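There are 4 protein chains.
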Amino acid sequence: MLAELRGLNEECGVFGIWGHPNPAAMSYYGLHALQHRGQEGAGIIVTDGTRLRAVKGEGLVNDVFNNGKLEKLEGHAAVGHVRYATSGGSGIENVQPLLFNSTTGGLAIAHNGNIVNATRLKRNLEQQGSIFQTTSDTEVLAHLLKKSNLASFEDRAKQALRLLDGAFAVVIMTEHAMYVAQDPQGMRPLSLGMLDGAYVVASETSAFDLIGAELVRSIDPGELLIINDEGCRSERYVEKKDRAICTMEYVYFSRPDSDIDGINIHMARKRLGKQLAKELTIDADVVTGVPDSSISAAIGFSEATGIPYELGLIKNRYVGRTFIQPSQDLRERGVKMKLSPVRQVVKGKRVVMVDDSIVRGTTSRRIVKMLKDAGATEVHVVISSPPLKNPCFYGIDISSDSELIAANNTIDEMRELIGADSLTFLSVEGMVEAIGRSDVEKNCGHCLACFTGEYPTSIYADTKLPHEKELVR
Amino acid sequence: MLAELRGLNEECGVFGIWGHPNPAAMSYYGLHALQHRGQEGAGIIVTDGTRLRAVKGEGLVNDVFNNGKLEKLEGHAAVGHVRYATSGGSGIENVQPLLFNSTTGGLAIAHNGNIVNATRLKRNLEQQGSIFQTTSDTEVLAHLLKKSNLASFEDRAKQALRLLDGAFAVVIMTEHAMYVAQDPQGMRPLSLGMLDGAYVVASETSAFDLIGAELVRSIDPGELLIINDEGCRSERYVEKKDRAICTMEYVYFSRPDSDIDGINIHMARKRLGKQLAKELTIDADVVTGVPDSSISAAIGFSEATGIPYELGLIKNRYVGRTFIQPSQDLRERGVKMKLSPVRQVVKGKRVVMVDDSIVRGTTSRRIVKMLKDAGATEVHVVISSPPLKNPCFYGIDISSDSELIAANNTIDEMRELIGADSLTFLSVEGMVEAIGRSDVEKNCGHCLACFTGEYPTSIYADTKLPHEKELVR
Amino acid sequence: MLAELRGLNEECGVFGIWGHPNPAAMSYYGLHALQHRGQEGAGIIVTDGTRLRAVKGEGLVNDVFNNGKLEKLEGHAAVGHVRYATSGGSGIENVQPLLFNSTTGGLAIAHNGNIVNATRLKRNLEQQGSIFQTTSDTEVLAHLLKKSNLASFEDRAKQALRLLDGAFAVVIMTEHAMYVAQDPQGMRPLSLGMLDGAYVVASETSAFDLIGAELVRSIDPGELLIINDEGCRSERYVEKKDRAICTMEYVYFSRPDSDIDGINIHMARKRLGKQLAKELTIDADVVTGVPDSSISAAIGFSEATGIPYELGLIKNRYVGRTFIQPSQDLRERGVKMKLSPVRQVVKGKRVVMVDDSIVRGTTSRRIVKMLKDAGATEVHVVISSPPLKNPCFYGIDISSDSELIAANNTIDEMRELIGADSLTFLSVEGMVEAIGRSDVEKNCGHCLACFTGEYPTSIYADTKLPHEKELVR
Amino acid sequence: MLAELRGLNEECGVFGIWGHPNPAAMSYYGLHALQHRGQEGAGIIVTDGTRLRAVKGEGLVNDVFNNGKLEKLEGHAAVGHVRYATSGGSGIENVQPLLFNSTTGGLAIAHNGNIVNATRLKRNLEQQGSIFQTTSDTEVLAHLLKKSNLASFEDRAKQALRLLDGAFAVVIMTEHAMYVAQDPQGMRPLSLGMLDGAYVVASETSAFDLIGAELVRSIDPGELLIINDEGCRSERYVEKKDRAICTMEYVYFSRPDSDIDGINIHMARKRLGKQLAKELTIDADVVTGVPDSSISAAIGFSEATGIPYELGLIKNRYVGRTFIQPSQDLRERGVKMKLSPVRQVVKGKRVVMVDDSIVRGTTSRRIVKMLKDAGATEVHVVISSPPLKNPCFYGIDISSDSELIAANNTIDEMRELIGADSLTFLSVEGMVEAIGRSDVEKNCGHCLACFTGEYPTSIYADTKLPHEKELVR
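Line order of the protein sequences matches chains D, F, U and V.
Anchor point for the first sequence: position 15 equals 15 in UniProt numbering, and the numbering is continuous, going up by one each time.
Anchor point for the second sequence: position 316 equals 316 in UniProt numbering, and the numbering is continuous, going up by one each time.
Anchor point for the third sequence: position 194 equals 194 in UniProt numbering, and the numbering is continuous, going up by one each time.
Anchor point for the fourth sequence: position 401 equals 401 in UniProt numbering, and the numbering is continuous, going up by one each time.
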């Protein structure tokens, strides 16, 4: 079953705006603030009240909306999406928002997360004669909406959403309204904001800051917002459950300037670094972070320990997706790619290298070697999260535990494998404490599945949901 | 005369390699490490001993060398170039290295800097019947080489170089040899390295690190290296003078992982920040740097003052050259572009904002406003260099003093204009001291012209050089 | 109802090959011979027995299959398509062959013709929950195939085909077999050939000649061929009816080197010209044909009358789809586009201008004026078919009779409108006689609907077919 | 020396217009009528009286001037060029019109023909310090113009033109005037026309017809027209000589709707066909021409002999420059490329195949085989010109006599090699008689060098011209 899910997994960013004179431009700028969540494809669909119009393409937001394509998208509402590069489900047809036209009107869907029971729902729908256009799990939602016999779109949306298992922050748009939903556990971030009277939703609050919108609040687990020209109304499609927000959004995925449930990501990461300083004692000359996501933790660690923070590693910013990779031979002869060490900073020094996580261990091994080749006398690897031991089924591309170095090795074996002088992970408790959701007024639950193996939902595609007799037989 | 020079000015990066089985690939990787020096165009010319072959194009290195173009460039030596975006002299014909073919052989030239007397030399050569292909000052050198009656190419190179006034780090390549020269003051950085027996030259040592080459030394002012299959020989074309290296290379232009004359850029910038802490007293809650070039100075300032360093400003990395700029109206309504503030970091805080320089002041004003809009109670602007009061004629795009805010205002007026609570510049002496060239064994001279107005060469295009009767009448 | 059909209409070319080591290349060459049937888009789908792989794109065959795209299409069978440019249904999603993937396998469909009852079938299927991907009438067939509960694909194909009303020459391909069908009247041409043991089907026999295949025979009306690794088997899905082949295929649409039911197009057109010579008497100096489709008729007319045939009109071959049309003002000032007159041929001459048909009359008027401006003293327009008075519902883009000049004017009014000195159409009987299908052994029926208004099928989208209760309610 | 010239040779088309409100659009349309003369590249340069602006590119006129590029070219005069695809001198820098900018103004040159002494002139100029940008022989003219010390541009043009040996129809444009010149023998066609008061020049009169301009006259051998806002003035730069117009322009190169010196190309070719009928007796069933250039001769032959003319060969029009050539294996298995036979026309018939010339013989052999494979019982090849035995040094790409089948074989050997049942060439006298220049009032001389070996100019690059001491030493 694990293999089956590989390639369906995706991390993405969604954006929606209703009631603005220039919704396509706002989406364009908003998607820039979400671009780190997905670089494979981007799309914007607008409505002017009578029809939906789409521009989508493979590549970055900048590339997709060149040559005046944005100007064609006139209307008063829009939904946008940036898509993560996965090996399996590439192709322009999978670029979101998905658009479905029928003789009775259009339907746009933008989705972040992963629907665990998508394959079973799809097979079931195909047996009833449905033809799928994409290999995306998201399309299942469109067919469930279409199949429903209920009269109002709102009721059909609730019925369809109840059939989905997994993680989903989703924005659905017709010519007449926008429907914004969170999965029952609220696993992926999704926030509501306001901009000059228009309603805005986005995966991260950094999108609000970039366009000058004000944050209102996070979307609740199991909540369905209906936004139209009459305003924004909140409904629920399932009973309230505990939130289980993805912890890795705090640790490495979100932008440092985003907040989730009122907690700023940079500050949370800096606290992770300070917590690390509490959990270990180390004798070293310089602290350096692996750019970009570990910089905040490294600064926190430096501040707490007093060991000076330096730029020991430089990111080669222009190594983009069309970069011609050096051959194995060239790489062994010292040709660098994404990172270069700063020789004069690390030469003859005992270096603390702060990183946010270790997946396969190959990158860590390469960086440790790079630092030692540049003259570091000792390299102490310090990770601002616990060992990653279990696959994620909710949209982050860690899908098989056979790839996870921590799933198959002790910490000392890992240290040996990556060639470090010491290796320290943060404790689960320390991480949760440092992130500080307990200080947040609302529910403070984390999804810790990748660390602990305790999944907040069923993870088997063939587990039937209680509501399932409703629509899918 | 100032206006005439506008648009000719350019900051660029050069790269050369001789005696390597895959010179084009090495140049490709090397140019990535120099990409920050110029993003308008890129080119590589190789020789296989019988002919020169070029691939050039507008845009980034990644874009120019796509679709297998690199593989066509077989040979054992190459010269490469990245070009800075200037308004005037754009166009594919100006992309370097320039290539000149004649019935007696080819000639490639890559140049970083600016030839002050180019316009006069060009007019003179045209009167003698020369036809120029480009609007680049660099082409003058090719015509001077061609016009010379001297027998050996080396003598012609020396004769031609003596006629040039200004700043130039230049790599010339024929089918048979590479000629590498520094201007008589050594104003632009240029270093020699070795890679598996091949000779490498580059504008910055970060290019050596990226390809795994070893730094040998800087090229001396007035030096001409002749590199061919028999080795590398050092000559001089003028008497030795004091070096006058561009100070802004340390302050903001070079990569943090590059060294100039043995001084690492990141470390120099951190010392600039520490020096600032010595020169002023400030009461504040957080220190933040304007990314990317001011991060090192901000860290140094934080370390010296004990005020915590935070990510108060985030760079929007995906805002590339094809980004659709928000209209004035949208910008006023809060749409950000290159930078976003981190609200939770600055809200209710007294912020020290460290930047490397102020040119027109408009960017500083925008950032100060951004921080205040995000809730900063005070913003103290601290600049890690002295006020920029004079234009540069040597290749950095600050060409008219009417644009320089510091040329026309007192510091207090500037503070008022940018809306800061305080504004402090580093002293010239403090800057020179902090950079630390006095500790370097070789000559320690700076070009400080943009700060002090004392130019190390003639800056008037019609000033004749003593050698000028040699070739140009 | 007529307006509703506009834009669905299309003329196209289909190609299929089964059992060949290089089916994609054969399709590529075959589609070149069909390119005149459609220039908006092209596609090839191959099967290697386990999956279907597609390359499709907008533009000409040459443009779509550039940059090595063809080489990716490995397999032993392929289906290809060229698509006609219509105003309404453009867009990459409508480019054929359509490809449908499901968890139980893939399905490719290439279609030439027009399904008259598509809109009603589509609405019906949507009410049952189907989601359509395209605006093409062809997609209906895929959904009918998918909805069927019958066990074998062959039975599902027969059931689905029985539900279609209109004209269709269609090639369906799964991983395991190719299904080739003609509509019950055999309205569009479709032939079977053999190439080195492989089975080939194509809209025109010119595709066989170009790849060196041997013609076997035409596909019969109501026939369904099943081609797989065991060979080629002929089935019927409806009772045999009289053939009603589109007469315009002979008159102007097919290539001169194609044969339909054993009759060569060039020879048929030459006989149309000779028949014209029998039906009228004319005193003139030169005969000229409107290139390219009327050349054969003009030669026949010249041969029969003895009036010399000359190149009085030259086609500007390089006026392609990206040609910048001259403004109305420039056109009035004499800027030509597709045709130029040959002044020295027509100057001072009485010219017979042979054309194959008159649709709106605007082109004829322009050519007559062009010839007169070039000095022709008289222009006698001679048309090698009868007046076009009725719209076509079977795939030729003449969809509204309000556009047809012959539907609303007498012949003399038409002559006046186009500015000719005389205007003569061929008689219906003369045309049928000259084409010569009565000499063909098999059924010799024509569709003459556009001339006579007698349609061989129902033309109303809401007329239910007898079999329709089978699958569509 | 022959080898040296290979690759320099080119057939091209030039166009110029002075005094028109939309010169770029007129050039664009005019170049379409000349597109058959060169498909490798195209360019237009305009002047608005103060500067020259160029758009140039590789490919067809349609491709080069897409995306609104034409609209940028505002002014009142323009010069345009289409370039023939040669193997050697490709590359964007060789696309004409060539543009040279200097501090004293711009210079545009468009050239059709070949300068025989270009290599020697170039070497000489390089020795004096000139740097060449292109590998085109045309650039020599620019350097000669630049080197001259004479005061007026007109005098410099005359001086420079006198130094050129070979064939050249050339249009030179500065910001202030257009200079149009013919070589001393008038070897390439070049005509003057008028359009709404503007002066127009073009390689072929078909360009005048397409834009609605009136033909005035041919440019005389040795004539220099100076066209500016004051009108058009005719000068001579050498004494009048006999004209030696390229005969192949009549036989196969020019468009059928063009006239040269008042003789229409289609009519001339038809007379060549009739002349052939006089010179041989043949018993056959059908006549067919090799499209497109031999159609006129085939019609003439048919008319004179009474053997019916048929479309026995069809050109595959969509086989463009990006066409993927069939492999040798596929070609042997019958895959056609540019031409297809019409089986039903030739099957069981004795076929006369009319072609305009035989160069290497490989194409003829392929067509004869194609016709026989399609069932022709006999194939009689009839050529509407004499055997091609000598290379052309004046711009037509037949550069080495080792390639010419007629240079090395008797007619019977050639017949054997191409597999024909008979092979007949037209006599030189018959050809000259049929073309009919003797009826033209002005000089009626032909260049017959490729047939007879008598060249009208020196053909050796090192033969010095009498004027040469003037400028080139």
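In this text, a Cβ means the ideal position worked out from N, Cα and C, and glycines have one as well.
Quantities reported herein were computed from a predicted structural model and do not represent experimental measurements.
Inset, instruction - Under 7 angstroms between beta-carbons, which chain U residues line up against V61/V? List them in chain order, please. - result: For V61/V, the C-beta contacts it makes with chain U under 7 angstroms involve Y318, in order along the chain.
Legend entry - Contact under 7 angstroms by Cβ, A110/V with V14/V: Yes.
Inset, instruction - Select from the region 60–80 of chain U all residues with a C-beta closer than 8 angstroms to any C-beta belonging to chain V, and list them in chain order. - result: Answer set for the region 60–80 of chain U: L60, V61, N62, D63, F65, N66, L70.
Legend entry - Any C-beta of chain U under 7 angstroms from that of K442/V: Confidence at K442/V is low in this model, with a pLDDT of 47, below 50, so the placement of that residue should be treated as unreliable; the coordinate-derived value is given next. With its beta carbon at least 7 angstroms from every one in chain U, K442/V lies outside the interface.
Inset, instruction - Note the first and the last residue of the continuous beta strand (DSSP E) segment covering D355/U. - result: Bounds of the beta strand (DSSP E) holding D355/U are 350–355.
Inset, instruction - Measure the alpha-carbon distance for E239/D versus Q182/D and round it to whole angstroms. - result: Going by the C-alpha atoms only, they are around 12 angstroms apart.
Legend entry - Exposed unless 16 or more other CB atoms sit within 10 angstroms - verdict on E10/V: Low confidence applies here, because E10/V scores a pLDDT of 49, under 50, leaving its location unreliable; read the following figure in that light. Under this definition E10/V is a buried residue.
Inset, instruction - Tell me whether F208/V counts as near the ligand NAP, meaning its Cβ is closer than 6 angstroms to at least one heavy atom of that ligand. - result: This structure does not include the ligand NAP; it has no bound ligands of any sort.
Inset, instruction - Could you please give the first and the last residue of the uninterrupted beta strand (DSSP E) stretch that includes V368/D? - result: Following the DSSP letters along the chain, one finds V368/D in no beta strand (DSSP E) but inside the alpha helix (DSSP H) bounded by residues 362–373.
Inset, instruction - May I have the straight-line CA-CA distance separating V61/D from Y29/D, to the nearest angstrom? - result: For V61/D and Y29/D, the distance between alpha carbons rounds to 9 angstroms.
Legend entry - Residues of its chain near Y84/V, where Cβ-Cβ distance is below 8 angstroms and the 5 sequence neighbours each way are ignored: Sequence-distant partners of Y84/V (beyond 5 residues in either direction) whose C-beta falls short of 8 angstroms from its own C-beta, in its chain, are E10, E11, C12, R37, G38, Q39, E40, D397.
Inset, instruction - Could you check how far apart the C-beta atoms of G453/F and L417/F are, in whole angstroms? I think they sit under 8 angstroms. - result: Not really, about 22 angstroms apart at Cβ, beyond 8 angstroms.
Inset, instruction - Would you mind working out which of E58/F, L144/F, D209/F sits nearest L125/F, comparing C-alpha positions? - result: Nearest of E58/F, L144/F, D209/F to L125/F, Cα basis: L144/F.
Inset, instruction - Output the boundary residues of the beta strand (DSSP E) element that contains F15/D. - result: For F15/D, the uninterrupted beta strand (DSSP E) run begins and ends at 12–18, by DSSP.
Inset, instruction - Kindly indicate the opening and closing residues of the beta strand (DSSP E) around L224/U. - result: Unbroken beta strand (DSSP E) run through L224/U: 223–228.
Inset, instruction - Say whether the region 298–317 of chain D touches the region 342–361 of chain D, bearing in mind that this needs 3 or more beta-carbon pairs closer than 8 angstroms, one atom from each stretch. - result: The way I'd put it, the region 298–317 of chain D does touch the region 342–361 of chain D; three or more beta-carbon pairs between them come closer than 8 angstroms.
Legend entry - Check whether R217/F and L195/F have beta carbons under 7 angstroms apart: No, the Cβ-Cβ distance between R217/F and L195/F is not below 7 angstroms.
Legend entry - Opening and closing residue of the beta strand (DSSP E) in which R233/U lies: Its beta strand (DSSP E) spans residues 231–236.
Legend entry - Close Cβ partners of E58/D (< 7 angstroms) along its chain, the five nearest in sequence each way excluded: Beyond the five residues adjoining it in sequence on each side, E58/D comes within less than 7 angstroms, by CB distance, of E40, G41, I92, V95 in the same chain, given in chain order.
Inset, instruction - Would you mind telling me which residues of chain D sit closer than 7 angstroms to R255/F, beta carbon to beta carbon, in chain order? - result: Within chain D, the residues near R255/F are I314.
Legend entry - P21/D classed as buried or exposed, judged by whether at least 16 other C-beta atoms fall within 10 angstroms: It counts as exposed.
Inset, instruction - Would you verify that the beta carbon of K146/U is, or is not, closer than 7 angstroms to some beta carbon of chain D? - result: Closer than 7 angstroms: yes.
Inset, instruction - Can you give me the Cβ contacts of Y455/D inside the same chain, cut-off strictly under 6 angstroms, excluding the 5 residues immediately before and after it? - result: Only A449 meet the Cβ criterion.
Legend entry - Beta carbon of I307/V nearer than 7 angstroms to that of A284/V: For I307/V and A284/V, yes; Cβs fall inside 7 angstroms.
Legend entry - Counted within 10 angstroms of its Cβ, other Cβ atoms place N67/D as buried (16 or more) or exposed: In the assembly as shown, N67/D is an exposed residue. Its beta-carbon has fewer than 16 other beta-carbons within 10 Å.
Inset, instruction - Go through its chain and collect everything with a Cβ distance to E230/D's Cβ below 8 angstroms, but skip five positions before and after it. - result: Answer for E230/D: no residue qualifies.
Inset, instruction - Say whether the region 367–378 of chain D touches the region 168–179 of chain D, bearing in mind that this needs 3 or more beta-carbon pairs closer than 8 angstroms, one atom from each stretch. - result: No contact exists between the region 367–378 of chain D and the region 168–179 of chain D.
Inset, instruction - For the beta strand (DSSP E) holding Q182/F, just list the boundary residues, first then last. - result: Bounds of the beta strand (DSSP E) holding Q182/F are 178–182.
Legend entry - Proximity test, Cβ basis, 7 angstroms: I45/F and chain V: Taking 7 angstroms as the threshold, the shortest C-beta distance from I45/F to chain V does not fall below it.
Inset, instruction - Would you identify the three-state DSSP class for N443/F, choosing helix, strand or coil? - result: Here N443/F scores only 47 on pLDDT, less than 50, and its place in the model is too uncertain to base an answer on.
Inset, instruction - Mind listing the chain V neighbours of P326/U? Cutoff is C-beta to C-beta under 7 angstroms, in chain order. - result: Near P326/U (Cβ distances below 7 angstroms), the residues of chain V are Y29.
Inset, instruction - Run the CB neighbour count on E249/D, radius 10 Å, all protein chains shown included, and call it buried at 16 or more, exposed below. - result: By the neighbour-count rule (16 or more Cβ atoms within 10 Å), E249/D is buried.
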